[in-house]
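Be aware that the sequence shown starts at 185, since it is given in our numbering, and climbs by one per residue. Note that the Cβ used here is the ideal one computed from N, Cα and C, for glycine as well. Remarks on the structure that follows.
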Amino acid sequence: MKIRKGDNVLVIKGRDRGRQGHVVQAFPKLGQVQVEGVNVVKCHKKATSTVRQAGIIEKEMPLSIAKVILICPICNKPTRIRGKSIADGTNVRVCSKCEEIIE
Ligand SMILES: [Zn+2]
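Now the structure itself:
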């Protein structure tokens, strides 16, 4: 999975197209990410033993990583990521635009 928690991504498909945000949580097994302020749904909650406050809460739902694209922190452009192994054998992510390594 090429997108990780903390990455800044741009939504390219769906209702929130054009919106940017940080990845709050990544779900590699599902191929999904949860992005700050994206795919927000309103839930009506009843007060239970775990939820003290009843009412409407807003919650971000995970969306498919196919719908987001990473914004390179170095060149600040939406970019495709390539995987590359460096000298010591570890795999790093490389921006296809500026060729810089993305942490
Ligand atoms: Zn770049």
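Any heavy atom of ligand 1 closer than 8 Å to the Cβ of Lys186?
Sequence index remark: in the sequence shown, residue 186 carries index 2 (1-based). Closer than 8 Å to some heavy atom of ligand 1: that does not describe the Cβ of Lys186.
Closer than 8 Å: is that where the CB of Ile240 sits relative to any heavy atom of ligand 1?
Along the sequence shown, read from residue 1 onward, the residue named residue 240 stands at position 56. Ligand 1 never approaches Ile240 closely enough for any of its heavy atoms to be under 8 Å from the residue's Cβ.
Residue range of the unbroken beta strand (DSSP E) whose run includes Arg266
Taking the sequence shown and counting its residues from 1, one reaches residue 266 at position 82. From DSSP, the beta strand (DSSP E) with Arg266 extends over Ile265 to Ser269.
Could you spell out the range, first to last residue, of the beta strand (DSSP E) harbouring Glu284?
Against the sequence shown, residue 284 aligns to sequence position 100. Looking at the DSSP string, Glu284 is not in any beta strand (DSSP E), and its letter there is neither H nor E.
Secondary structure at Ile187, three-state DSSP: helix, strand or coil?
Along the sequence shown, one-based indexing puts residue 187 at 3. Coil.
Could you give the DSSP three-state label for Ile249: helix, strand or coil?
Translated into positions along the sequence shown, residue 249 becomes position 65. Looking at Ile249 - three-state DSSP - the assignment turns out to be helix.
Can you tell me where the beta strand (DSSP E) holding Arg277 begins and where it ends?
By 1-based counting over the sequence shown, the position of residue 277 is 93. Judged by DSSP secondary structure, Arg277 falls within the beta strand (DSSP E) whose first and last residues are Asn275 to Cys279.
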